[in-house]
Structure formats: structure tokens, C-alpha cells
Amino acid sequence: MKRHIVCLGDSNTHGYCADPADCADGSLRRFNESERWTCRLQAALGEDFLVLEEGLPGRTTVFDDPVEESLSALPYLYPCLMSHAPVSLLVVMLGTNDTKERLGANACAIGKGLRRLVRKAQSIDCWAGGQPNLLIVAPPAIGKGVERSPVAQEMGLGCVEKSLRLPGQFRAVAAETRCHFLDANALGIGMVHQHFKLVHNFTVLQNIVLGMETVSRGFLKMDNARKKVVELSERYGLYIDPDALIQDITVGMQQRVEILKMLYRDNEIMIFDEPTAVLTPQEIDELMEIMGSLVAEGKSILFITHKLDEIKAVADRCSVLRRGKYIGTVDVASITKEEMSEMMVGRKVSLSVEKTPAAPGRTVLEAEHVSVKSHMEGHTKLVVNDVSFQVRSGEIVCIAGIDGNGQTELVHAITGLGETAGGRILINGRDVTKKSIRARNTHGLSHIPEDRHKHGLVLDYNLAYNLVLQQYFEPGFQHWGFLKNEEIYKYADKLIEDFDIRSGEGADTITRSMSGGNQQKAIVAREISRDHDILLAVQPTRGLDVGAIEYIHRELVKQRDAGTAILLISLELDEVMNLSDRILVMFEGTIVADLNPGEVTVQELGLYMAGSKRQEPKGKAGERP
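For the sequence shown, this note's numbering begins at 351 and goes up steadily by one.
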């Protein structure tokens with residue numbers, strides 16, 4: 351029998367995600383199996399162990415919540431442990447919710463509550479070998495930033511101060527009850543999230559010290575903090591303006607701020623999660639140099655990425671996870687990119703896109719002087735400003751640019767998800783500017799959206815219904831308003847087989863339960879299989895492994911060769927360079943260049959994306975000479 355490790359905790363163990371932008375599966379508000387620490391622990395320990403996730407948002411140690419019921423761990427402890435017996439180790443990570451104002455418990459009382467919980471666990475006859483074995487984890491302290499967060503009222507007053515005192519209380523409990531103890535606050539771990547955690551209307555300095563402010567008589571003391579931040583920035587070559595507003599600096603500079611946040615807290619272990627996703631090539635090179643200097647200073651870096659070139663550039667060792675399982679760790683210097691990709695996918699993968707030169711035909715999509723206003727209340731600035739271009743049949747045109755330069759708003763204008771402030775959108779010569787989304791979809795437009803949960807799928811529908819979302823009203827799938835379920839399922843089964851969509855219950859699978867990669871495959875299958883003249887593909891390979899990326903790239907090229915016009919919007923420069931027949935660069939809402947990928951370097955493309963270089967106007971982008 352495997353050794354059972356029971357992880358009893360709150361939202362930190364459940365994997366609750368307050369911000370959908372932070373987790374791969376977006377609106378589910380829960381980190382998936384490749385992200386949750388319990389699942390990663392399982393992958394690290396291997397097949398001899400079974401890590402059992404017993405996390406519940408809001409759970410306390412022993413306190414009854416007057417607002418929500420059944421959140422105390424005490425009455426749940428016996429059935430929990432007995433159902434997982436024999437238990438080799440119980441990991442207890444609780445205490446954060448105990449600090450809520452409405453519970454009325456100070457740090458000392460929370461410590462006593464934990465002691466009671468531990469004694470109860472030790473008395474239960476569930477232990478492998480007969481001896482209780484517990485690890486008490488003091489959870490990360492609550493930062494001052496909670497006072498300005500959406501959960502401020504939920505937590506109430508005093509939670510920050512109480513959470514700071516918990517490690518001492520928990521350490522004493524562990525010593526008294528002869529349990530193992532780990533203080534998550536003392537591990538010196540910092541993280542740069544893929545989506546930065548910055549307050550945009552705060553200065554650089556304010557963001558760095560947020561949660562670690564020095565206060566005297568109610569006033570912030572920033573002099574010493576400023577001195578330390580300036581010293582750190584000079585020491586590591588992270589030159590920043592401490593008084594600049596976050597909203598006024600580049601994405602690359604924002605990332606420097608995130609790194610300085612870690613250094614300011616004296617973190618020795620630094621986690622970088624997909625840090626290059628929104629950077630220009632020049633900023634990526636700078637980041638690689640910074641990471642090298644941090645390592646030279648003795649820092650340890652955990653670099654999470656799917657980009658093989660970056661792994662080869664900076665990593666010493668690489669651990670590969672596939673479908674939530676640990677595959678192996680390799681020495682980067684002694685392995686090729688092809689071998690790493692095979693480990694990641696489980697088969698040989700072609701890392702290059704094979705395609706013949708494009709043979710563009712008639713104009714399918716045309717944007718004429720399109721402008722879009724900001725959707726933010728009170729903002730009158732045009733986020734898309736007088737953009738004109740054409741996409742012809744049999745070509746892939748890519749719009750490249752740093753995220754936030756108007757690409758999303760332009761896509762919404764083309765697809766009908768947003769309104770235009772001026773100009774026209776034409777599909778096959780027909781003006782669709784004021785037409786509905788359905789009208790555009792039924793007159794030649796297919797759309798792989800950027801946000802697969804918000805705009806691509808109905809998560810609580812099954813896979814079959816999601817695969818006919820754009821077609822259910824057609825005669826083949828309905829008669830007099832009644833759905834032809836047999837035809838729908840037959841069509842869905844074909845797409846599942848053709849596009850290798852993996853789902854537990856086939857066409858009956860609820861889409862929410864599928865992995866992000868297979869959800870993306872479902873959207874691609876649906877949009878490619880429809881009758882269309884223009885395919886708008888926005889970040890089509892987001893969150894996919896190299897095998898799935900290879901497959902989608904091949905499908906896009908196949909569509910192009912069949913005469914489809916393809917407009918690709920991507921932040922992945924390798925994808926831009928390998929797939930595109932033409933590249934349109936967007937900067938601050940305008941087209942600043944129309945480039946041939948065979949005649950431009952990645953570095954030059956980066957200069958256009960950063961606004962450091964502009965092409966002289968030469969007529970309408972994409973127009974025949």
C-alpha cells in the first residue's frame with residue numbers, strides 16, 4: 351500500500367484563486383492540478399506516496415464561524431483521518447481564517463485552538479505503525495495590502511497583527527506536542543507572478559514596500575526604505591525611478607519592480623512564473639542577464655516556462671512535468687531541445703513550422719480607419735487609432751505587439767464583441783461594422799478567442815453542445831426548434847476523434863471538468879471545422895504544451911493552404927516569426943510596421959514592438975502594390 355499523506359488546510363490547500371487572471375483555468379477560481387502545491391508534492395514524491403488534498407476555503411482550527419457553518423476542522427478530523435487510514439503523515443496548515451475579526455480570537459487563543467486540534471488527531475487510531483506523525487505549518491502572514499483588497503471586510507480589523515504572531519504560537523504548540531514544524535514565512539521564498547501583483551496608481555517605491563511598511567505614529571517612514579531600494583537597484587543593475595507611477599512605466603520595468611520586491615524582503619529562493627510572456631526580445635535578454643547576476647549572488651531561482659530556448663539559455667537543471675506527473679530531471683547542458691520536448695510530450699515533436707510560401711488571393715478581411723475608445727469609465731483616449739489593413743485568402747497575417755497596445759480591442763471590434771468609434775470592418779466586401787456577432791459568424795468569420803472561458807465556451811454545457819455553439823440553429827442540428835441530439839453527438843464524436851480532444855466521458859463530458867489544453871483543442875476544432883473564409887486566431891496556443899502547439903500550428907498552416915485568410919494575434923515571438931507570412935506591429939493603438947518575417951530579425955521586431963522604431967507610411971497595410 352502507498353504511504354498516505356493527508357493535507358488538512360483552508361483555501362491555501364484547496365487551491366482557491368481570488369483572481370482568475372492568476373490561474374490557468376481562469377474563471378474556475380481554483381488553481382489546476384499543475385499549479386496546486388499538493389499536486390506538485392505528489393509529483394515530487396512519486397508513486398510510493400498518495401497525497402490527499404483536504405482543503406476547504408474558510409476552514410478554521412476549532413472555531414465555529416457565526417456566519418458560515420461547518421468550517422471548523424475539529425468535528426471533521428475523525429471522519430477525515432479514518433477514511434484515509436492508515437495515515438503516514440498529517441500536514442496541518444490552518445490559522446489564517448482564525449484571525450477574522452468576527453471570531454474574536456487573539457493569537458494566543460488561536461494557538462490553543464491548534465493545540466486542541468493536534469491532541470485530537472494524536473488520539474485517533476488511524477496511524478500507520480501506530481505512532482502519530484504530524485507536520486504543523488505556520489501559513490504565510492497576511493500582508494497590509496489586505497486592507498485595500500476585496501476581502502478587507504471579510505477579514506475585518508486586526509487580522510494582520512494576529513497573523514504575524516501565529517508562527518511563534520504554532521512553534522510552541524509543535525514543541526509541546528512533539529510535532530514537526532515549518533514556518534512558511536521563514537523560508538525566504540519570493541515569486542514573480544505571470545500577471546504582476548502591482549497597484550498601478552502607486553509609485554514604484556510604494557509597491558515595493560507594500561505589506562512591509564515602517565510606520566511611526568500613524569505616518570509612513572519611507573526614507574530608509576528608499577535608501578535600501580536604491581542600493582538594491584544599483585547592486586543588481588535594476589535601475590528604476592522610485593517615484594514613477596506603475597501605470598507610467600513599461601512592462602519590463604514593472605517586472606524589475608516585482609524582482610525588487612523580492613530582494614527587499616531578502617528572499618533567497620525566487621520563483622519566476624512564465625516571466626517572459628509579455629516582454630520584448632530586448633527585455634527578455636535583460637531579464638536573462640539579471641537572473642544570471644542573482645544566481646551569482648547566491649540566490650536560487652525556480653524558472654517556470656514552456657519555452658525551450660529560455661531553458662537552454664539560463665537553466666542548470668530542468669525538471670519536466672507531464673499531465674501533473676514528474677517525468678524526470680535533466681542536466682540542461684547535456685540535453686537537446688528536441689529531447690526535452692519529447693520528455694514533455696511523450697513523443698518526438700517538430701519544433702519548426704513546415705510551410706510553403708504563401709499564395710495570397712482575394713481580399714477577405716479589410717479594416718478601414720478603425721478606431722476604438724477605451725472601455726474604462728471617464729477615459730476618452732482611443733485605444734485603437736485609425737488602423738487600416740487587409741488580410742487575403744491563403745495568407746497568415748500576424749498582429750504582433752506587447753500586451754495592452756490595442757490588440758484585444760481591435761479583435762473585439764472585428765468580431766462584434768466591442769463597438770467601434772470610427773471606420774469600417776468588411777468581410778468579403780460586405781460592411782459588417784454594425785452587424786451582430788451571429789451575422790459575422792454566419793458570413794465567413796471564425797474566431798478562436800483570447801479568453802476561452804469568457805468568450806469561447808459555456809463551461810457548464812457538455813462538450814457536444816459546446817462543439818455546435820455556432821451551428822446548433824442550422825437545419826442539420828435542429829428541426830422546428832428541436833435539437834437533433836443524435837446528429838449533434840455524431841458530429842461531436844467526429845471532431846473529438848479528428849482533433850484528439852481528450853475527455854473523461856467523451857461528448858457527454860462537462861466542459862468545466864476538462865483540462866485547459868483540451869478546452870482549447872475543442873475551440874480550435876469547432877472554429878476550424880465550420881464553413882469560413884477568415885479565421886481570427888487570438889493566442890491560439892496559450893497554456894498548451896509543445897505537442898499541442900505543434901498540432902495547432904500544423905492545422906493553421908493547413909487552413910492557409912486551403913485558401914483561408916488567417917489573422918493571428920500572438921505574444922509568442924517564435925510563433926509570430928514561424929507562422930506569419932506578414933507581420934503587422936501594433937504600438938499604442940496604431941500599426942507602426944508591416945514586415946516580411948523573412949526580412950526582419952527578432953531583435954528588430956522587438957524595437958518596433960517597444961515603439962523605438964517606426965516604419966515610414968507606405969499605403970494601406972496589406973494592400974497590393
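For every residue, glycine included, the Cβ atom is placed at its ideal position computed from N, Cα and C.
Roughly how many angstroms lie between the CA atoms of residue i and residue j, to the nearest whole one?
i, j, result
"Arg974", "Asp931", "Because the pLDDT at Arg974 is just 44, under 50, the model does not fix this residue reliably, and the value given afterwards should be weighed accordingly. Whole-angstrom Cα-Cα distance: 14 Å."
"Asp398", "Arg353", "6 Å"
"Leu955", "Gln605", "21 Å"
"Pro947", "Thr626", "21 Å"
"Glu949", "Leu894", "29 Å"
"Tyr901", "Leu555", "45 Å"
"Asp801", "Ala471", "44 Å"
"Tyr676", "Ala393", "5 Å"
"Glu716", "Ser513", "58 Å"
"His829", "Lys785", "26 Å"
"Tyr366", "Asp810", "19 Å"
"Ala694", "Val782", "First, the residue type needs correcting, since residue 694 is Met and not Ala in the sequence shown. Distance between the alpha carbons of Met694 and Val782: 43 Å."
"Lys908", "Ala857", "25 Å"
"Arg790", "Gly766", "8 Å"
"Tyr426", "Asn735", "59 Å"
"Thr951", "Gly806", "33 Å"
"Tyr428", "Asp848", "49 Å"
"Gly961", "Val942", "8 Å"
"Thr363", "Ser384", "14 Å"
"Gly866", "Ala522", "43 Å"
Do residue i and residue j have their CB atoms nearer than 8 Å?
i, j, result
"Arg910", "Gly744", "yes"
"Ile651", "Met641", "yes"
"Arg380", "Pro416", "no"
"Thr527", "Val468", "yes"
"Leu613", "Leu582", "yes"
"Cys668", "Thr686", "no"
"Gly405", "Cys357", "yes"
"Gln312", "Cys458", "Because the chain spans 351 through 975 in this model, residue 312 falls outside it and cannot be assessed."
"Leu444", "Arg466", "no"
"Thr564", "Met505", "no"
"Leu610", "Ile590", "yes"
"Ala915", "Arg697", "no"
"Val682", "Ala665", "yes"
"Ile654", "Ile539", "no"
"Phe413", "Gly461", "no"
"Ile746", "Ala763", "no"
"His434", "Ile486", "no"
"Ile619", "Val607", "no"
"Gln953", "Gln632", "yes"
Go ahead and pull the three-state DSSP assignment for residue i.
i, result
"Thr679", "strand"
"Gly359", "strand"
"His656", "coil"
"His829", "strand"
"Thr553", "strand"
"Glu716", "strand"
"Ser473", "helix"
"Ser438", "strand"
"Lys840", "helix"
"Lys834", "coil"
"Arg697", "coil"
"His793", "coil"
"Met603", "helix"
"Asp448", "helix"
"Glu739", "Per the sequence presented here, residue 739 reads as Phe, with Glu not at that position. Phe739 falls in the strand class under three-state DSSP."
"Arg974", "In this prediction, Arg974 has a pLDDT of 44, which is less than 50 and means its spatial position is unreliable; nothing more can be read from the coordinates."
"Ala423", "coil"
"Thr411", "coil"
"Val722", "strand"
"Phe520", "helix"
"Tyr589", "coil"
According to DSSP, what are the bridge partners of residue i?
i, result
"Ala502", "Ala502 is not bridged to any residue."
"Asp781", "Leu776"
"Ile752", "According to DSSP, Ile752 bridges with nothing at all."
"Val747", "Leu917 and Arg932"
"Met443", "Gly359"
"Gly540", "Met620"
Looking at the ligand ATP, does it come within less than 7 Å of residue i, judged from the CB to the closest heavy atom?
i, result
"Asn617", "Looking for the ligand ATP in the displayed structure turns up nothing, as the structure carries no ligands at all."
Is it true that the region 875-895 meets the region 814-827, where meeting means three or more beta-carbon pairs spaced less than 8 Å apart? Under the 8 Å Cβ criterion, the region 875-895 counts as touching the region 814-827, having at least three qualifying pairs.
Check whether the region 792-808 touches the region 882-893, counting contact only when three or more Cβ pairs, one atom from each stretch, lie closer than 8 Å. Under the 8 Å Cβ criterion, the region 792-808 counts as touching the region 882-893, having at least three qualifying pairs.
Could you tell me whether the region 731-750 touches the region 918-930, where touching means 3 or more Cβ pairs closer than 8 Å? Flag = yes, the region 731-750 and the region 918-930 touch.
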